[in-house]
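Just add 19 to the spot in the sequence shown (first one is 1) and you have the working numbering.
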Amino acid sequence: LTSQLGNRTNGFGRTFYTFPSPETILDAGESFLQKYVRVGYRSRYILDAAEKILNQPERYLNTASADVFNEIKGVGPYARNSLAMIIGRYDGVPVDSEYKRHVIQTYFQGVAPSKKELESVYDKWGDYKYLAYWFDYNQK
20 LTSQLGNRTN GFGRTFYTFP SPETILDAGE SFLQKYVRVG YRSRYILDAA
70 EKILNQPERY LNTASADVFN EIKGVGPYAR NSLAMIIGRY DGVPVDSEYK
120 RHVIQTYFQG VAPSKKELES VYDKWGDYKY LAYWFDYNQK
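As structure tokens, then:
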């Protein structure tokens, strides 16, 4: 998405691409997203997100509740917590395969715990769970 629709920029000896604006995504359209970005059926979800954010930016950039992201098609708990982090909410963790691997190896001696145990490792950090996980994960 970024390399196809974002703006190219250089820094730290590397080339980066900015995240495209909602307008740019909507202008590209579904067939472009499917053909060049290769997101398949997710193209509809990306367009839905772009349209909602374009029409009500204050609703989705407000840090009062991450649950607002559940209104966007295709957004589940992992994406909700990742989007919340982008707007400054850190009270959820993005539970995916990498999170699970890290937590199982770091805190459970390689033995998979219950789902509740897995997801509650950073609970003591409250509103800063995501930051605690990120710091912990990057201590390698």
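Heads up, the beta-carbon is just placed ideally off N, CA and C, and yes, glycines get one too. Since the model is a prediction, treat every value here as computed from it, not as a measurement.
How would you call residue i, buried or exposed, if buried means at least 16 neighbouring beta carbons within 10 angstroms?
{"i": "PHE127", "result": "exposed"}
{"i": "ASN74", "result": "exposed"}
{"i": "PHE38", "result": "exposed"}
{"i": "VAL78", "result": "Correcting the residue type first, residue 78 is Arg in the shown sequence and not Val. The residue is exposed, with fewer than 16 neighbouring Cβ atoms inside 10 Å."}
{"i": "ARG108", "result": "buried"}
Residue i lies in the beta strand (DSSP E); which residues open and close that run?
{"i": "ARG27", "result": "27-30"}
{"i": "TYR36", "result": "33-36"}
On a CA-only basis, which of the options is nearest residue i? Give me that one, please.
{"i": "LYS119", "options": "TYR156, ALA103 and ALA98", "result": "TYR156"}
{"i": "ASP207", "options": "GLY111, SER62 and TYR79", "result": "With the chain covering only 20 through 159, there is no way to say anything about residue 207."}
{"i": "GLU70", "options": "VAL130, LYS92 and TYR60", "result": "LYS92"}
{"i": "ASP115", "options": "ASN100, ARG108 and ILE105", "result": "ASN100"}
{"i": "TRP153", "options": "GLY111, GLY30 and SER50", "result": "GLY111"}
{"i": "ALA68", "options": "SER50, THR37, GLY59 and LEU102", "result": "LEU102"}
{"i": "TYR147", "options": "PRO113, GLN124 and TYR55", "result": "PRO113"}
By the DSSP assignment, the alpha helix (DSSP H) with residue i in it spans what residues?
{"i": "THR82", "result": "No alpha helix (DSSP H) contains THR82, which DSSP labels as neither H nor E."}
{"i": "TRP153", "result": "148-156"}
{"i": "LEU24", "result": "21-24"}
Does residue i come out as helix, strand or coil in the three-state DSSP assignment?
{"i": "TYR97", "result": "helix"}
{"i": "SER133", "result": "coil"}
{"i": "ASN74", "result": "helix"}
{"i": "VAL122", "result": "helix"}
{"i": "LYS143", "result": "helix"}
{"i": "ILE91", "result": "coil"}
{"i": "ILE106", "result": "coil"}
Mind listing, in chain order, the continuous alpha helix (DSSP H) runs of no fewer than 4 residues lying wholly within the stretch 40-76?
-> 41-51 and 61-74
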